[in-house]
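To start, the structure under review is shown below, and the notes come after it.
2 protein chains.
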Amino acid sequence: MTEREEGTCEARVVHGTKLAALQPMLADEERAHVEAERFRALGDPTRLRILAALSLAELCVCDLSGLLGISQTATSQHLKILRTFGMVRYRKEGRMAFYRLADSSLRTWLARLHTEDREGGVAHERESV
Amino acid sequence: MTEREEGTCEARVVHGTKLAALQPMLADEERAHVEAERFRALGDPTRLRILAALSLAELCVCDLSGLLGISQTATSQHLKILRTFGMVRYRKEGRMAFYRLADSSLRTWLARLHTEDREGGVAHERESV
DNA sequence: CCCATTCATGCGCATATACGCATATGATGT
DNA sequence: ACATCATATGCGTATATGCGCATGAATGGG
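Chains as they are written, first to last, in the numbering used here: chain A, 1238 to 1366; chain B, 1238 to 1366.
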């Protein structure tokens, strides 16, 4: 929101033309917002563990709760968030709700996360000036 | 943390054996925590836009600030977070700091994000029971 | 040396998030 | 109908996060 201050840094001129062709996410704040929300949905250890569990089997809330050692309330609330972003689906059977990953692409993607083990992924190296 | 309540839901028995072979992230809370932190780093629209800009060119803080219309302070703080998770690197030239994406895998991965346009990604379908 | 420029950082505040408690909803059994 | 179980949700609170303000640190020009 802040207006560009009147500094003299003109480095941008170097890449002026390139920057003229801005990518969608750079120009479209709304797009960036939506995208960021989805990363945020994955930005919680408990939710990642829920997804990890669901990548193995379809499970009811009660199972997830017991498996991960978190309260039913917390489990339910996390599942709501994962539902909101279309990451899980569920099926009601009697009074139970069986959750599963929403689609196979999410499943394989999570599988990579599991086995990747800190190498060859999407940005692992630590700072190095 | 909450102890498993003494309900009677025994659905877990169904998948008992499968669940015995838990994936790392499910069992290893620490691992899940680390992984979640990195998603969180991407879970902010401004940081995504910074990465989008850096996927086009190496830029100094001043440029980023002006380009995205955010304060120098905010820019610097976001860059610190991205540095912490090894997503960007920088090079000092005089009083300026030129930032770039840390590695090519992050770059191509971001490129996919840009063009994917809500289809074929990692979990797009909205809730459907 | 003095001062402007560029970037980084400590602090404070407004807002967001995670989770527990209590409770609502809906299904199942007696 | 009533009690019980599985799940969902409103609310309060502790903590985390984003960002502005003020300032520090480093560089370079006069």
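For glycine and all other residues, C-beta sits at the position ideal for the given N, C-alpha and C.
Below-8 Å beta-carbon distance, residue i vs any chain A residue
i              : result
residue 1270/B : yes
residue 1316/B : no
residue 1239/B : Because the pLDDT of residue 1239/B is 37, which lies under 50, any placement of that residue in the model is unreliable, and the number read from its coordinates should be weighed accordingly. Answer yes: the Cβ-Cβ gap between residue 1239/B and chain A drops below 8 Å somewhere.
First through last residue of the alpha helix (DSSP H) which encompasses residue i
i              : result
residue 1275/A : 1266-1279
residue 1287/A : 1282-1291
residue 1307/B : Looking at the DSSP string, residue 1307/B is not in any alpha helix (DSSP H), and its letter there is neither H nor E.
8 Å Cβ cut-off: residues of chain B touching residue i
i              : result
residue 1279/A : 1273, 1276, 1280
Per-residue contacts from residue i into chain A (C-beta, under 8 Å)
i              : result
residue 1337/B : Per Cβ cutoff of 8 Å: no residues; residue 1337/B is ~12 Å from chain A at best.
Delimiting residues of the beta strand (DSSP E) encompassing residue i
i              : result
residue 1328/A : 1325-1330
residue 1334/B : 1333-1338
Buried or exposed by the 16-neighbour rule on C-beta atoms within 10 Å, applied to residue i
i              : result
residue 1278/B : buried
residue 1302/B : buried
residue 1331/B : exposed
residue 1286/B : buried
residue 1313/A : exposed
residue 1326/A : buried
residue 1267/B : exposed
residue 1328/A : exposed
Contact with chain B by residue i, beta-carbon distance below 8 Å
i              : result
residue 1334/A : no
residue 1246/A : yes
residue 1359/A : The predicted position of residue 1359/A is uncertain, since its pLDDT is 43 and thus under 50; a value taken from the coordinates is nonetheless stated next. Yes, residue 1359/A lies at the interface with chain B (some Cβ there is under 8 Å from its Cβ).
Inter-residue CB distance, residue i and residue j (contact presumed, cutoff 8 Å)
i              : j              : result
residue 1283/B : residue 1304/B : Between residue 1304/B and residue 1283/B the Cβ distance is about 11 Å, and since that is not below 8 Å, they are no contact.
residue 1280/A : residue 1273/B : 5 Å
Cβ-heavy atom distance, residue i to the ligand ADP, below 7 Å
i              : result
residue 1275/B : Among the components modelled here there is no ligand, and therefore nothing to report on the ligand ADP.
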